[in-house]
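Okay, so here's the structure we're looking at.
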Amino acid sequence: MVISETRMRLAPETRERAWRALTGEWGRALEMLPVTLDTEPDLEALSPVMRCARAVQLIAAHAPIRILPHQPIVGAATLRAATWHQVPVFLEGKPVFSSVSHLTAGFDHALAVGYRGLRAQIDERLSRGDLAPEQVEFLQAMRLCLEAAGVWHRRYLEALDDRIAHSEGEERRRYEAVRAGLERVPEEPPTTFREAVQSLWMMFCFQRLCGNWPGIGRVDQMLGPYLRRDLDAGRITLDEARELLAAFWINGCDWVGAVEWGSGSGDGQYYQNVVLGGIGADGNEVTNEVTYLILDVVEELRIAEFPIAVRIGARTPERLLRRVAEVMRVGNGILAVYNEELVIRALVRFGYPEREARRFANDGCWEVQIPGETCFGYWPFDVLQLLQEAIGVRGEGPIHDFPDFESLYAAFRARLAAYMEEFHRIADGHGAGNHVPTPLISLLVKDCIERGRGYYDRGARYNVLAPHPGGIPDTGNCLVAIKRLVYDERRMTYPELAALLRANWEGFEPLRRQVLAESPRYGNDDPEADAMTKRVLDDFLVEAERVRERNGVLRPAGVSTFGREITWRGERGATADGHLAGEILATNFSPTPGSDRKGPTAVIRSLCAMDLVRLPNGTALELKVLPTSVEGETGLAALVALLRSFVALGGFFMQVDVVSSELLRAAQAHPEQYANLAVRVSGWSARFVTLNAEWQAMIIQRTEQAAAR
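Note that the numbering used here has the sequence shown beginning at 5, numbered continuously upward.
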């Protein structure tokens with residue numbers, strides 16, 4: 005089942021259009037239109053940034069236009085190559101430019117001033133001078149991209165004129181209403197809610213059409229004031245507003261079906277994250293009617309294409325918390341939550357001004373950033389592999405003995421410090437000399453116009469490369485096991501343990517099973533395991549915090565895997581806590597699959613034993629909750645209590661999937677029957693059947709929890 009049969013609020017034609025989108029009708033129809041630079045005159049004379057601007061112009065002029073019956077918000081990203089994370093323009097049959105993701109663009113500012121306002125900013129900056137020739141050229145390229153967006157806009161107006169001329173009655177009136185909502189925007193600032201929704205969609209969709217995958221950010225904060233004014237003036241009803249937001253969400257499904265089943269990390273990894281709720285820069289709550297209408301839409305249509313992160317805290321209205329829980333238990337991995345008070349404290353501690361910190365969103369996944377102001381990158385690495393390298397449990401070289409646990413830990417600590425020293429050296433050059441041209445996305449990133457520089461060329465206000473270790477829970481578990489087996493209980497010498505691990509526990513299966521069952525593990529509110537995990541995290545943070553900023557590059561720490569535990573499985577050896585080489589281990593800062601045995605509150609307590617305020621770039625906890633445990637009013641109350649516990653105990657970011665392993669195994673066996681079953685993967689959601697076997701196994705192996713435990 006794709007669309008909920010309960011709480012039906014939307015019009016039948018809206019639900020039917022959603023069904024067509026979610027079953028991949030338009031994703032399969034995406035065109036490989038050969039938008040090409042091959043025939044462009046004087047191409048060799050153009051700089052890369054001017055070539056990129058010309059590519060954007062060609063896309064705007066030639067991308068197919070799509071307008072559907074009963075569609076109140078128009079604009080479609082119709083070029084298949086845009087789904088490949090590249091600008092969908094070719095030269096001699098090959099793509100020319102990579103594109104941009106992992107950012108939330110400054111749609112709030114662009115919406116408020118319109119394309120006309122952005123153009124005025126460019127012209128004003130050019131008029132002031134004091135610019136190098138390459139800066140002048142970049143600003144001119146940005147202006148050409150705005151002109152291209154205007155061409156695409158006019159093509160839609162002309163297509164609507166044609167529809168109006170060839171229709172009559174109610175159909176004609178619908179097309180006239182769509183055209184009226186598109187007439188002024190996005191060139192001008194919107195004056196009504198309908199114009200605001202249409203403008204935001206056109207701005208976002210044009211970036212998407214040209215291959216960029218930005219997050220959208222705080223949609224309710226952007227659109228709420230327009231809706232409030234229209235409601236007060238009697239220009240719109242809540243039902244009408246809900247239909248417009250549903251159209252926005254349905255439009256975002258136009259790439260469903262473009263990715264084949266079993267193709268990797270799924271079909272939803274386009275980084276188009278939405279953030280709802282929380283406080284604004286002034287400290288006031290931004291939750292409004294739009295917040296609740298969006299939750300209505302995703303509950304009814306079960307659209308996971310825009311993963312939603314809701315900012316919650318001690319001040320969150322009870323109505324919103326309950327509504328979040330209601331939508332979470334629908335499933336499909338749509339909603340996650342930030343503990344906004346902790347996130348803001350972490351950002352302020354790192355050095356962001358408090359007003360900026362209060363504005364936080366994410367990079368389109370879940371890593372925290374200041375939206376519309378940040379050029380973001382992250383540096384993933386595997387701490388478990390560093391441990392295994394440092395203490396010699398992999399490879400064929402000589403095995404070194406360690407007389408006591410502290411000498412063993414010191415070897416690991418030294419390896420970690422050396423790695424982080426190399427990270428800081430590499431980070432010094434982040435964003436320097438990157439020649440990927442970005443004139444289109446830079447329109448939506450603060451200070452790029454003022455500096456006359458691109459997103460990847462130190463144009464953004466904040467230039468970030470965040471170190472992101474993975475495997476910290478597994479590393480803590482392994483160190484506890486080593487300490488117990490070798491140094492506390494003296495069941496074997498360290499060389500014996502290292503040899504055993506190099507042999508992948510061969511010949512020691514009973515001992516392996518015993519260790520797997522009995523060794524203390526992170527995720528069970530176990531003081532010994534949590535303390536060791538915290539020690540690993542703290543030592544990483546000491547090295548990360550040695551350099552907050554250098555050479556214009558901020559280095560806010562986070563902890564993540566983002567699915568790399570699948571890649572790392574082939575690079576890790578057997579572990580001292582009983583895992584064989586090749587097993588999938590912990591995701592992000594979640595427990596190792598199957599190791600958390602005391603319920604979700606114990607998992608949260610283990611996470612919150614860490615000093616999470618020292619992770620300004622964030623970390624994620626995944627929970628897979630049994631659907632039967634959240635049924636009825638009692639189940640709903642249990643889920644609300646779980647969310648409150650997460651805030652009260654001091655969590656950072658939590659993703660809750662309400663789904664059973666039994667259902668997921670059925671989807672593996674009969675994918676055609678579960679084509680639209682979506683799950684939360686990491687910072688994105690994806691249809692389960694589009695994940696390959698390894699990614700499916702990772703999701704299934706997550707421990708099933710009962711919300712009330």
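Backbone N, C-alpha and C fix where the C-beta goes; we use that ideal spot for every residue, glycine too. Computed from a prediction, not measured in an experiment: that's the story for all the values here.
query	result
Endpoints, alpha helix (DSSP H) assigned at Ala145	Pro137 to Ala169
Cutoff 7 Å; reference Arg601; Cβ partners in own chain excluding five residues on either side	Asn528
Integer Cβ distance of Asn508 from Ala585, believed to fall under 8 Å	5 Å
Three-state class that DSSP yields for Ile71 in the structure shown	coil
Every unbroken alpha helix (DSSP H) inside the stretch 54-138 [4 residues or more]	111-132
Contacts around Arg4, its chain only, beta-carbon distance under 7 Å, and the 5 residues preceding and following it disregarded	This structure gives no information on residue 4, because the portion of the chain shown stretches from 5 to 713.
Supposed close pair Gly456, Arg129 - CB separation, criterion 8 Å	7 Å
Classification of Val290 by the beta-carbon crowding that lies within 10 angstroms, buried from 16 upward	buried
Supposed close pair Tyr274, Trp259 - CB separation, criterion 8 Å	7 Å
Rounded separation between Met146 and Phe111 - CA only	16 Å
Distance cut-off 7 Å: Ala25 Cβ against heavy atoms of the ligand SAH	What this structure holds is no ligand at all, so the ligand SAH is not there to describe.
Where Leu483 sits in the DSSP three-state scheme	helix
Of the listed residues Gly582, Ser610 and Leu625, nearest to Ser594 (C-alpha basis)	Leu625
Residues bridged to Gly381 (per DSSP)	Leu469
Expected contact under 8 Å - CB spacing of Gly317 and Glu345 to nearest Å	5 Å
CB contact flag (Gly261, Gly79, <8 Å)	no
For Phe657, three-class secondary structure by DSSP	strand
Beta-carbon proximity check, Trp205 vs Ile77, cutoff 8 Å	yes
Runs of alpha helix (DSSP H) wholly within the stretch 254-326 (minimum 4 residues, chain order)	293-305
6 Å Cβ shell around Gly266 - same chain, five flanking residues per side excluded	Because the pLDDT of Gly266 is 45, which lies under 50, any placement of that residue in the model is unreliable, and the number read from its coordinates should be weighed accordingly. Cβ within range, chain order: Asn696.
Run of the alpha helix (DSSP H) containing Tyr179, from where it starts to where it stops	Gly173 to Leu186
Alpha helix (DSSP H) segment containing Ala535, residue limits	Pro531 to Ala548
Short Cβ contact (8 Å threshold) for Asp543 with Leu391	no
C-alpha distance - Ala313 paired with Leu47, whole-angstrom precision	44 Å
Own chain, CB closer than 8 Å to Asn592, minus 5 neighbours either side, in chain order	Gly474, Val563, Ser564, Thr565, Phe566, Thr623, Ala624, Leu625, Glu626 and Ser686
Beta carbon of Leu95 nearer than 8 Å to that of Thr40	yes
Three-state secondary structure assigned by DSSP to Leu242	helix
Any chain C beta carbon closer than 8 Å to Leu420	Note that chain C does not occur in the displayed structure, where there is just one protein chain.
Selection from Val117, Asp166 and Cys149 that minimises the alpha carbon distance to Glu191	Val117
Buried versus exposed, by CB contacts within 10 Å (16 or more), Lys98	exposed
For Tyr356, the three-state DSSP class (helix, strand or coil)	coil
Counterpart residues of Tyr342 in DSSP-defined beta bridges	Arg315 and Phe657
Secondary structure of Arg552, DSSP reduced to three states	coil
Whole-angstrom distance between Pro675 and Val557, CA atom to CA atom	45 Å
Strand pairing of Leu646, partner residues [DSSP]	In the DSSP output, where bridge partners are listed per residue, Leu646 has none listed.
Sub-8 Å separation of Ala109 and Val449 beta-carbons	yes
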